[in-house]
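Report on the structure given below.
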C-alpha cells in the first residue's frame, strides 16, 4: 500500500532529523520507554480544586471558601526535568511532532483520573502571538488528545482579546492574575450548558485557566475543568 502524504512526510523527517529521546538521547522516539517511566509525576495528596500538591487532600487554604470560575485543575506531571524539556521543545523549538507523544501521556493519565467534560477547548493565543509562533501548542495537544478520547475540539468559542505579556515574565501570583484579567472573551453561546475541559501545556498559578473559565461561564457554559500536561510546584 502506498504511503499516505502524512506518512511519507513523517518518513522523510525521520530520515533527515532522526527522533531522539529528550531525556537520554536514545534514537527512535522523543520519549523512550525508560524515560517515560521516570517522568516526574504529580502524585496526591493535592488540592481537590486547584490541583496544587502538598495539601491534606481536601482544599488548600487559597481555595477554601473562595469562589472561582474554574471547577478544578488537574495535571499528570510536575514541570521539571524531561517534561520541562519536552514542553519547551514543543513551545519554543517548533517541535510540533512531539505533540502526539505528550497527548498520549495526558490520555493515559485520564484513564485512571478522569476529568469531567464533553468538549475540549484549547487556551487561545492572541492573534499577534499566534502569527509570531506560527501555531498554538495547546491546540496541537487538544487535537491529538481528541484523536484518543473521541471528544470534540472547539477552537472558536474562546478568544484572547488582549495581548498581555507572557505569564512567564510575571513574578508573583498577583501579577499573573492582573495580567490576564479580561484577556479572554466568549465569542458565542453555542456551548451553553456544556461541560468544558480547558487544555493548556503548563499550569503555574492557574490564573490563565481561571480567566478562561470566567469568560466561558459568562457565555453559559455549565462547568470548566482545566487539564494541563504539567504544573509548576
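Residue numbers (the working numbering): 1 to 233. Even for Gly, the Cβ is constructed at its ideal location relative to N, Cα and C.
**Request:** Compare the C-alpha of residue 213 against each of 84, 131 and 124 and name the closest.
**Result:** Residue 213 has its Cα closest to that of 124, out of 84, 131 and 124.
**Request:** Go ahead and pull the three-state DSSP assignment for residue 200.
**Result:** Note: residue 200 maps to strand in three-state DSSP.
**Prompt:** Three or more beta-carbon pairs under 8 Å between the segment 184-191 and the segment 70-78, yes or no?
**Reply:** Here the segment 184-191 does not lie against the segment 70-78, with fewer than 3 beta-carbon pairs under 8 Å apart.
**Buried or exposed by the 16-neighbour rule on C-beta atoms within 10 Å, applied to residue 3** = Confidence at residue 3 is low in this model, with a pLDDT of 49, below 50, so the placement of that residue should be treated as unreliable; the coordinate-derived value is given next. Using a 10 angstroms sphere on the CB of residue 3, the tally of other CB atoms stays under 16, which defines it as exposed.
**Message:** For residue 200 and residue 228, what's the separation of their Cα atoms in angstroms?
**Reply:** So the alpha carbons of these two residues sit roughly 5 Å apart.
**Prompt:** Would DSSP call residue 36 helix, strand or coil?
**Reply:** Residue 36 falls in the helix class under three-state DSSP.
**Asked** Taking one C-beta from the segment 89-101 and one from the segment 216-225 each time, how about it: are there three or more such pairs within less than 8 Å?
**Response** Short answer: they don't touch.
**Asked** In terms of residue numbering, what span does the alpha helix (DSSP H) encompassing residue 127 cover?
**Response** Counting along the chain, the alpha helix (DSSP H) containing residue 127 begins and ends at 127-133.
**Prompt:** Can at least three beta-carbon pairs, one atom from the segment 18-25 and one from the segment 79-89, be found at a separation below 8 Å?
**Reply:** Three or more Cβ pairs closer than 8 Å define a contact, and the segment 18-25 meets that threshold against the segment 79-89.
**Item:** Opposing strand residues paired with residue 41 [DSSP bridges]
**Value:** In DSSP, residue 41 forms a bridge with 77.
**Own chain residues within Cβ distance below 6 Å of residue 72, not counting five before or after** = So the list reads 49 and 225, once near-sequence residues are dropped.
**Between the CA atoms of residue 58 and residue 64 - distance to the nearest angstrom** = Between residue 64 and residue 58, the C-alpha separation is close to 9 Å.
**Burial state of residue 1 (16 or more Cβ within 10 Å)** = Residue placement at residue 1 is poorly supported in this model, since its pLDDT is 42, which falls under 50; the coordinates still yield a value, given next. Answer is exposed; the Cβ neighbour count stays below 16.
**Request:** Consult DSSP for residue 124 and reduce its assignment to one of helix, strand or coil.
**Result:** Coil, per DSSP.
**Message:** Suppose contacts are defined by Cβ-Cβ distances below 8 Å. Is residue 126 in contact with residue 104 by that definition?
**Reply:** Cβ atoms of residue 126 and residue 104: not closer than 8 Å.
**Asked** Leaving out five residues before and five after residue 233 in sequence, what residues of the same chain have Cβ atoms less than 7 Å from its Cβ?
**Response** Here the set comprises 53 and 78.
**Message:** Between the segment 190-206 and the segment 106-126, can you find at least three pairs of beta-carbon atoms closer than 8 Å?
**Reply:** Enough Cβ pairs lie closer than 8 Å, so yes.
**Request:** Measuring alpha carbon to alpha carbon, tell me which of 163, 43 and 195 ends up nearest residue 219.
**Result:** Scanning 163, 43 and 195 for the CA closest to the CA of residue 219 turns up 195.
**Message:** In whole angstroms, give me the CA-to-CA distance for residue 190 and residue 156.
**Reply:** Rounded to whole angstroms, residue 190 to residue 156 spans 10 Å at the Cα level.
**Request:** Give the DSSP bridge partners of residue 27, in chain order.
**Result:** DSSP lists 20 as partners of residue 27.
**Message:** Quick test of your reading: residue 163 and residue 129, contact by CB under 8 Å. State the CB separation rounded to the nearest angstrom.
**Reply:** Between residue 163 and residue 129, the beta carbon gap of about 7 Å places them in contact (Cβ cut-off 8 Å).
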